[in-house]
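Chains as they are written, first to last, in numbering that gives the first Met the number 0: chain A, 0 to 483; chain B, 0 to 483; chain C, 0 to 445; chain D, 0 to 445. Taking it in order: structure first as structure tokens, then the write-up.
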Amino acid sequence: MKLILEKSKPGRKGVGLPKLDVPRVSAKKAWPKELVRSHQPKLPQLAENDVVRHYTNLSRRNYGVDQGFYPLGSCTMKYNPKINEEIAANCGFGALHPLMPEYLAQGALEVMFRLEKALCEISGFKHATLQPAAGAHGELTGIMLIKAYHRYHGKTNKNVMLVPDSAHGTNPASAVLAGYKIVELPSDDRGNVDIQAFRGALNDDVAGIMLTNPSTLGLLEENITEIANSLHERDALLYYDGANLNAVMGYARPGDMGFDVMHFNLHKTFSTPHGGGGPGSGPVAVNEKLVPFLPVPTVEHRDDHYFLNYDVPMSIGPLMTYYGNFAVMLRALVYILRNGAEGLKRVSEDAVLNANYVMQRLKEVGYTPSFPRRCMHEFVLNNSDKAKKGARTLDISKRLLDFGIHPATMYFPLIVKEAMMIEPTETESRETLDNFIEVMAQINREIDDNLDLLTQAPHNLPVKRLDDVRASREPVFRYKPGQE
Amino acid sequence: MKLILEKSKPGRKGVGLPKLDVPRVSAKKAWPKELVRSHQPKLPQLAENDVVRHYTNLSRRNYGVDQGFYPLGSCTMKYNPKINEEIAANCGFGALHPLMPEYLAQGALEVMFRLEKALCEISGFKHATLQPAAGAHGELTGIMLIKAYHRYHGKTNKNVMLVPDSAHGTNPASAVLAGYKIVELPSDDRGNVDIQAFRGALNDDVAGIMLTNPSTLGLLEENITEIANSLHERDALLYYDGANLNAVMGYARPGDMGFDVMHFNLHKTFSTPHGGGGPGSGPVAVNEKLVPFLPVPTVEHRDDHYFLNYDVPMSIGPLMTYYGNFAVMLRALVYILRNGAEGLKRVSEDAVLNANYVMQRLKEVGYTPSFPRRCMHEFVLNNSDKAKKGARTLDISKRLLDFGIHPATMYFPLIVKEAMMIEPTETESRETLDNFIEVMAQINREIDDNLDLLTQAPHNLPVKRLDDVRASREPVFRYKPGQE
Amino acid sequence: MTYTSHTDAERREMLETIGLEKIEDLFADIPKKMRASALELDGPLSETEVRREFARIADGNCDMTCSLFLGAGSYHHFIPAALSHLVMRSEFYTAYTPYQAEASQGMLQSIYEYQSMMCELTGMDVSNASMYDGATALYEAAIMAMRCARKRTRIIVDECINPLYRNVLATYAGNLDLELVHVPAKDGHTDVEAIAATLDDKTAAVLVSNPNFFGVVQDFSELAGKVHEYKALLVMSVNPVALGALKTPGEMGADIVTGEAQPFRSPMFFGGPYIGFMTTREKYVRKMPGRIISETVDEDGERGFVMTLQTREQHIRREKATSNICTNQGLLSLTVAVYLSLIGRDGFTALAEQNISKAAYAKKALTKVEGVSLKWKSPAFNEFVLSLPQDAEKVIENLTAEEKIVGGLPLKRYYEGMDNDVLVCVTEMNTREQIDEYAAALGRLI
Amino acid sequence: MTYTSHTDAERREMLETIGLEKIEDLFADIPKKMRASALELDGPLSETEVRREFARIADGNCDMTCSLFLGAGSYHHFIPAALSHLVMRSEFYTAYTPYQAEASQGMLQSIYEYQSMMCELTGMDVSNASMYDGATALYEAAIMAMRCARKRTRIIVDECINPLYRNVLATYAGNLDLELVHVPAKDGHTDVEAIAATLDDKTAAVLVSNPNFFGVVQDFSELAGKVHEYKALLVMSVNPVALGALKTPGEMGADIVTGEAQPFRSPMFFGGPYIGFMTTREKYVRKMPGRIISETVDEDGERGFVMTLQTREQHIRREKATSNICTNQGLLSLTVAVYLSLIGRDGFTALAEQNISKAAYAKKALTKVEGVSLKWKSPAFNEFVLSLPQDAEKVIENLTAEEKIVGGLPLKRYYEGMDNDVLVCVTEMNTREQIDEYAAALGRLI
Ligand SMILES: Cc1ncc(COP(=O)(O)O)c(C=O)c1O
Ligand SMILES: Cc1ncc(COP(=O)(O)O)c(C=O)c1O
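Written out as structure tokens, the structure reads:
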């Protein structure tokens with residue numbers, strides 16, 4: 000499809016602005032010459048109809064959860080309830096300026112207050128900040144809280160963060176942004192943190208560990224008690240990457256497992272849409288120890304009045320211009336209220352059930368899970384046997400596209416060769432799972448019968464396989480008007 | 000795609016109802032046994048996610064104006080502005096019960112009152128009723144008004160309605176429903192009503208004529224003055240089928256042309272969406288003569304108060320349960336306000352410009368307009384030369400689908416052989432028109448080079464050409480659960 | 000301009016292609032004396048101004064915190080959030096009637112699903128794609144019955160049918176050779192014996208409703224037998240929500256079933272657009288008005304859907320068509336299919352039960368008020384008639400003005416001798432609290 | 000249950016396939032003592048109850064008939080009706096980050112279009128796909144500058160930058176080896192000389208804003224020269240709406256341009272989600288944080304779009320990544336592209352002009368009030384500082400409470416010695432009537 004900029008034609012008018020009801024003052028008149036833009040920016044010039052068609056047709060070249068199965072591991076691509084969108088769109092929150100006097104923003108503050116409470120109850124923590132805009136932002140926040148804690152307690156030597164090799168890339172990247180050195184811990188053959196390596200890495204410089212539990216392998220950490228105890232003995236803290244919280248709601252709470260701080264991904268566990276790459280929301284919950292350092296403002300409730308509290312003397316400060324991705328929080332609260340405690344427990348049950356079911360059936364049709372354990376809400380296949388025959392995980396993935404199925408996460412976690420990380424989520428029906436299994440079985444047969452079908456996939460999408468290498472060797476970052 | 004009923008699985012739950020907060024009373028308990036339904040109806044049983052996917056994917060197997068060019072003659076498939084939908088969805092009109100006390104429905108009544116006024120101004124009539132649900136319903140209404148008029152004046156002999164052979168099928172069908180005999184008038188070689196035939200048909204039994212002007216051939220009736228005068232001399236009335244009003248707004252008003260009554264298609268001229276076959280709205284406007292017979296209730300305004308007036312002694316009565324398709328009227332009023340007088344005039348200008356441009360260019364690439372005149376907002380091709388080579392209008396149309404273009408109206412009006420009736424509308428850009436012309440040129444070349452491309456089209460839609468004959472010989476009207 | 004695309008330069012170029020000089024030349028065929036002078040219309044308004052204007056206009060309406068006990072043909076029901084999201088997919092709502100089947104499988108399949116569900120609900124074989132609304136569907140059924148029972152011109156109309164529907168019947172009936180014979184209600188229900196006594200060889204159809212205007216449900220099996228003895232057709236207009244609990248019209252012996260499916264989508268929208276439905280027995284399908292979708296196959300033998308039996312319709316048959324209907328309420332057929340799929344089989348049953356339960360609770364609560372009683376004790380669905388000790392219009396008016404409760408429809412305007420009676424509707428949307436408040440307010444006002 | 004599908008029977012079958020007996024067995028790996036007891040949460044609520052609950056909650060907010068003169072980083076602008084319709088196409092908003100390019104061309108092309116437009120507006124070569132918001136984008140720019148100007152650790156921060164942004168900078172800066180040096184404003188604008196005097200060999204970047212927090216626009220060409228003499232980078236945070244009138248940051252010599260593109264889509268949503276943007280010169284692209292889309296071709300040579308230079312990013316580079324950002328504000332990049340396409344080139348220019356015009360009118364109207372004056376006369380965009388004859392907080396508070404006018408942001412909390420000053424914002428959404436009423440009300444209150 001042409002770019003919207005290529006469809007532009009000089010002089011066409013789009014949607015009109017409100018009528019100007021005061022005397023027109025041009026920039027030329029209002030400002031000194033050197034301040035005034037010399038040329039109009041070359042933005043598109045099109046009638047409304049053409050813009051609507053362009054983006055409608057572009058949308059038809061995209062794939063979302065509303066179209067079909069999207070077992071993208073670690074991303075919890077569950078159904079995004081439409082009631083979330085309705086409440087966000089219709090209740091007038093959109094018109095609320097963030098600096099509105101508090102008494103005119105009681106509704107918004109109530110939403111934040113109640114969401115914080117609910118997240119704390121679900122996670123077993125004391126307080127939470129809703130400010131972080133995404134998971135990685137939550138990680139950075141959590142790690143800064145650990146840093147503030149150690150600083151406050153005079154432990155400025157603590158400059159090492161332990162990160163398992165199975166961790167998501169954002170974990171080490173966030174810790175580095177918070178000023179830590181990273182020590183990477185290997186995994187053992189059951190997918191746990193290698194406990195010997197952990198013991199070896201432990202010393203007084205260690206500020207903490209960042210764990211995902213269940214891990215990115217979809218496995219619960221079996222040595223969590225020892226890890227928690229030995230870190231806490233040294234006043235090192237445990238960070239919980241909550242990307243996988245969908246596995247354990249109502250069954251286990253990170254706060255009860257020995258963690259000190261965690262982030263949530265509201266855009267994963269709590270059903271808010273991913274928006275093709277955001278906006279998300281990554282609230283951070285903490286136990287008693289870290290409460291004094293929470294970002295300002297905190298949301299409080301006193302005498303029937305909600306308010307923003309900036310008077311938190313040891314706070315690390317604000318994380319965003321305002322209070323985070325409010326409209327995402329709103330959706331998450333709707334979701335939590337729709338489910339209640341029973342519903343959220345059922346979410347985790349069916350998420351784990353679906354993952355185990357798919358794992359078992361894929362094993363039966365010739366795929367190899369990377370670890371010989373029951374999984375939680377997701378699992379990782381090791382496709383190196385297929386790769387030897389010429390069908391890399393990439394090829395299997397592109398072939399899945401031909402069947403109207405979104406591929407799983409590829410090549411992550413890094414420690415599994417030819418990794419294919421499958422997270423079905425709880426909102427998928429038995430038929431959807433069975434269809435996926437059948438398709439995977441067929442693809443496995445195609446590896447022997449007709450390998451080209453895989454290596455040349457996808458066949459019936461709007462484009463054929465795209466050339467990534469060219470894009471990084473000769474990247475083109477923008478359209479230049481007049482270039483055609 | 001499977002039917003939603005085929006995807007159903009016993010025991011699955013959809014969206015929940017409001018919580019029941021009073022004692023449960025089953026039908027069995029409340030009613031005598033013989034009143035109670037014996038089996039639950041076999042409705043689908045699916046989770047919300049699966050229903051959303053089903054209809055999302057079904058929508059992707061449908062083609063609307065938002066995707067591309069839709070030159071379906073006589074249907075005025077113009078762009079449907081999103082602001083219309085926004086106002087209809089967001090201003091709370093949805094929650095308004097039709098039998099609400101008038102003082103609580105002033106907003107809705109104002110909308111109706113103002114729309115009536117605007118339509119009268121556009122058409123040159125005195126009053127209008129907004130009740131009819133569609134064009135055909137408007138026709139029936141208009142013809143009933145004529146009947147009431149003649150009855151009132153004791154002219155019960157007038158039992159013939161003249162209808163040109165180029166008229167839309169609804170015209171004769173509506174007149175019959177109003178109790179008239181139809182006399183069909185042939186067209187002459189300029190697309191006008193054959194004036195000799197008209198004169199011949201004229202007698203005292205004639206109650207009126209139903210004209211479309213411009214006609215379904217896209218041509219203005221050149222003898223309108225004679226037709227109007229000779230009918231009026233006999234107290235016969237002229238009905239104007241407003242399906243083609245898009246051609247003349249701001250340039251000519253049916254009321255000034257000598258017509259006595261007309262219907263509008265709000266879903267054509269006034270940009271309200273067609274909804275895949277409705278709902279539409281077909282208001283009927285009348286001149287002084289017919290005002291006393293208008294359906295009840297009329298919408299009136301007095302002392303700063305809008306009200307529904309049922310006290311119209313000679314009224315033909317109500318046409319619908321309530322007041323017509325209100326939400327469609329709402330959109331039409333938005334459209335009229337967005338455009339203003341200048342805008343509507345421009346609409347007709349560009350509609351006519353586009354049609355003439357496309358007609359001229361198609362002529363140049365080998366197509367044959369059915370009449371050698373300049374057209375108004377649409378025109379009809381006569382493809383009989385192509386049909387002789389084996390490419391019927393049907394084949395050309397199906398081939399257009401392969402290029403992402405919705406075909407024009409086929410085989411209507413009936414008086415043109417292999418008719419293809421093209422109405423580009425004013426909201427199409429030059430590029431869209433040029434692309435259509437190019438595609439038509441290419442298809443014309445294909446007729447000689449590769450006829451199969453046409454006769455086997457479409458090639459890349461979700462289904463191949465469908466078997467209509469089988470559907471009428473062995474129709475299947477419903478899915479029977481358990482049939483699979 | 001607002002929604003057109005061409006620049007002045009483009010217009011000039013295009014005129015040149017056509018061989019004209021100026022835009023006005025395009026309109027040369029319009030005789031000078033018929034030329035319109037400039038129209039006097041409000042606008043053009045920008046989107047922002049339109050929003051402001053309609054916000055102001057909407058202020059003239061009820062503010063929606065009213066509690067509503069008004070039914071009488073238009074009902075306030077639950078609308079699932081996913082519904083409008085799906086229906087507003089622009090591939091659906093910006094499409095025309097599915098004339099090009101290959102590019103319209105989405106709409107065609109949805110309507111086929113709608114037809115299947117409506118048949119299932121009513122216990123019939125065939126459904127059409129939709130009619131304008133409940134009243135026009137009933138009239139279409141009456142004249143369809145005349146086509147089925149040839150040469151007969153009498154239609155017996157039960158006076159328990161919504162008076163608004165009967166007024167509409169009267170409007171159209173006057174144009175044809177057709178006699179409407181009204182049979183009065185008896186204690187709020189259909190007087191089966193009186194109808195039976197009215198039947199004769201000229202009778203094409205008997206029209207009844209279920210639940211009727213007073214909310215009363217009735218078994219018409221016996222009536223059906225009698226109607227069929229006279230080779231006439233039984234036409235039943237139903238509130239489809241009740242079919243979650245009520246014996247199907249099919250089982251009762253109805254020949255044509257019609258009704259208003261507005262309760263399946265719900266925005267009340269000041270009366271429209273709603274959706275009339277019609278189902279019938281297979282033997283009558285060729286007499287049916289409106290569009291009908293059928294399954295078929297494509298050239299590869301894959302299943303697909305098309306409009307069928309079009310020879311019944313006006314665009315083919317013109318003055319011999321079964322109806323003049325063309326544009327119908329297509330998007331609402333889709334809406335009904337989506338709605339029924341979303342709430343599902345059990346939700347549908349529960350919906351009927353909730354309506355019965357709420358009405359039962361309301362009857363009890365409201366009749367506790369001194370002087371207020373149920374007019375009739377007959378089995379009813381979600382509406383019932385309440386007798387007040389004084390003029391009902393006045394009471395209901397005060398209730399609205401003072402308590403923001405729209406308490407129902409006073410029946411004085413519709414039936415003689417019912418000055419003190421009000422038709423109350425209670426659905427799953429009325430909370431217990433609302434009902435209790437209604438009772439309390441009534442107590443204060445009487 | 001609410002959104003799950005399985006029936007009890009299905010769950011049993013599936014457990015059997017896995018070889019387990021009961022659901023709890025799936026969680027056997029959780030040590031007993033860590034097992035959670037039942038959570039205490041509100042709900043489950045049906046959709047209807049949720050709607051009622053949020054209607055109640057929303058009642059606690061301003062009722063939207065307030066007239067709003069509040070900006071300070073979040074702005075009330077016109078949103079075209081087509082915008083949300085397009086953005087809410089579920090293929091877009093229910094998708095994840097476009098990892099599978101072939102199934103994500105819609106999103107990838109849209110973001111590429113966004114990048115192209117942002118480059119065009121700012122006069123730069125490269126844009127990333129988005130940052131969290133304006134403040135975090137500015138911080139990311141600061142540390143990006145440190146990567147560009149290696150081994151330098153000093154960042155000069157102009158105090159004309161929104162104090163909310165500066166607070167955010169302070170939060171993050173404390174964790175790294177990085178020194179923030181603040182340079183005070185001078186009469187509401189950037190003190191170029193003071194900044195020049197502060198520059199040294201350790202300086203990685205100078206951070207300025209345009210228009211600045213006080214609404215003032217300024218030409219930084221001269222400053223850019225000085226900054227470049229020191230081989231440091233000029234980072235400019237801009238309100239992109241002003242770029243319809245303002246000389247581009249590129250022309251002024253900026254090296255990195257960031258800002259908040261919320262004004263391009265507008266729901267203020269109590270502060271988020273908004274969208275930070277960042278553009279830069281091509282030579283710095285490999286130091287840039289966040290996702291970047293590039294054009295490429297498919298196997299048939301057809302154009303397509305992919306994410307590129309991913310070796311900068313955390314999922315490949317982990318602790319050596321240019322940023323930890325992963326999920327960004329993708330849907331809002333799409334929104335910006337749609338918005339700019341809908342209002343178009345001329346609309347965009349007119350928008351800036353309308354803001355300037357409205358602000359000019361408001362300045363005149365408000366300063367006619369006795370005792371009220373403009374703090375500074377510098378050229379400004381759609382905000383300006385008004386000096387009142389008394390404590391501004393009090394006046395603004397009364398204005399809101401008594402007149403439903405949210406008159407601006409009192410500056411006492413943000414700058415010393417500005418107790419009587421208020422930052423007023425006027426956009427195309429403020430009508431002349433609102434402005435006149437504001438002036439009249441101010442007159443009454445002072
Ligand atoms: C395990 C894990 N941690 C962290 C993240 C980062 O979350 P976000 O993308 O919301 O920044 C992700 C998301 O992909 C993840 O899967
Ligand atoms: C010329 C003409 N008249 C009447 C009609 C009937 O209008 P409607 O479909 O709204 O009933 C149409 C619509 O197709 C038409 O084109």
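For each residue, glycine too, the CB sits at the ideal point set by N, CA and C.
In terms of residue numbering, what span does the alpha helix (DSSP H) encompassing K393(C) cover?
391-402
Could you check whether the Cβ of H376(B) sits closer than 7 Å to any heavy atom belonging to ligand 2?
no
Quick one, which of A349(D), N419(D), L341(D) has its alpha-carbon nearest G370(D)'s?
N419(D)
Any idea if S37(B) is buried or exposed, counting beta-carbon neighbours within 10 angstroms, 16 or more meaning buried?
exposed
DSSP on R464(B), reduced to helix/strand/coil?
coil
In three-state DSSP terms, what is G137(B)?
helix
For N264(B), is the beta carbon positioned less than 7 Å from some heavy atom of ligand 2?
yes
Going straight from the alpha carbon of N286(A) to that of N355(A), what length do you get?
32 Å
Three-way DSSP call (helix, strand, coil) for E312(C) in this model
coil
Taking all protein chains shown into account, decide if Q261(C) is buried (16 or more other Cβ within 10 angstroms of its Cβ) or exposed.
buried
Would you mind telling me which residues of chain B sit closer than 7 Å to T47(D), beta carbon to beta carbon, in chain order?
P17
Looking at the strands, I want to know which residues DSSP matches up with N323(D).
DSSP output for N323(D) lists no bridge partner at all.
Classify P317(A) as helix, strand or coil using the three-state DSSP reduction.
coil
Within 10 angstroms of its Cβ, does K146(B) collect 16 or more other Cβ (buried), or is it exposed?
buried
Cβ of R36(B) within 8 Å of any chain C Cβ:
yes
Within 8 Å of any Cβ in chain C, is that where the Cβ of K146(B) sits?
yes
Applying the criterion that 16 or more other CB atoms from any shown protein chain within 10 Å of the CB defines a buried residue, is H458(A) buried or exposed?
exposed
Given R55(C) as reference, the closest of E109(B), A390(B), S229(B) once Cα atoms are compared:
E109(B)
Using the beta-carbon of each residue, which ones in chain D are nearer than 7 Å to F77(C)?
T47
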